[in-house]
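Presented below is the structure to which this report refers.
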Amino acid sequence: MLNQKVQEAINAQIKKEEFSSRLYLSMAIWCETNGYPGAAAFLYKHTEEERMHMMKFVRYVNSRGGSAVVSDIEKPEDKFSSLNDIFTKILVHEEFITTSINNLYGVTMDEKDYTTGNFLQWFITEQLEEENLMRTILDKISLVGLDKAGMFHIDKELEGMATATKSAPMA
Ligand code: FEO
702 MLNQKVQEAI NAQIKKEEFS SRLYLSMAIW CETNGYPGAA AFLYKHTEEE RMHMMKFVRY
762 VNSRGGSAVV SDIEKPEDKF SSLNDIFTKI LVHEEFITTS INNLYGVTMD EKDYTTGNFL
822 QWFITEQLEE ENLMRTILDK ISLVGLDKAG MFHIDKELEG MATATKSAPM A
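Just so we're aligned: the sequence shown equals residues 702 to 872 in my numbering.
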């Protein structure tokens, strides 16, 4: 049976993963309606990845004899100024999620729930990859510049990433 404190902490994380999915959906919509189809494809895929993260937690809680909770979710931001603005916000958000996963790991250690601690290893690695990917994209944006030609180039790169067979690094 899942420890109550661990279950509550995972349910809080489920809400954050669902929020992430909705935030990236909101960003994808902005990109699609502002002339960035590649960034939109990248972010639509990212939306699915966040939903997959949420579902991993849901299934884990239920499989350990607990009960996952579907929470109220606040409306994500939907006004953005540029691709640079979006990817800067994604990195800040992912850093927040990394801290949250680390805190969750801390709860499992405090409660001596090593099974859940082990389950969280996948997410710890995933966060490292996500942060690195977002930093790489931001570095590219600053290299190519913020003018129209630069943004066109970045949009094409993101389209390539979205259609790449292996999508794990952008999860
Ligand atoms: Fe579920 Fe982007 O972390």
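The C-beta atom is built at its ideal place from N, Cα and C for all residues, glycine as well.
Source: prediction; values computed, not measured.
The segment 728-746 makes contact with the segment 777-790: 3 or more CB pairs, one atom from each, lie closer than 8 Å. Residue environment analysis places TYR815 among the exposed positions, since fewer than 16 neighbouring C-beta atoms fall within 10 angstroms of its C-beta. Within the segment 735-786, the complete alpha helix (DSSP H) segments at least 4 residues long are 738-764, listed from N- to C-terminus.
Taking 4 residues as the minimum length, the alpha helix (DSSP H) runs contained wholly in the segment 792-850 are 815-845, in order along the chain. In the structure shown, MET862 falls within a helical segment according to DSSP collapsed to helix, strand and coil.
The beta carbon of GLY861 is closer than 8 Å to those of GLY739 in its chain, skipping five residues each way along the sequence.
When DSSP states are grouped into helix, strand and coil, ASN704 belongs to the coil group.
With 7 Å as the limit, the residues whose C-beta approaches a heavy atom of ligand 1 more closely than that are GLU718, SER721, GLU750, GLU751, HIS754, GLU795, ILE798, GLU827, GLN828, GLU831, ALA872, in chain order.
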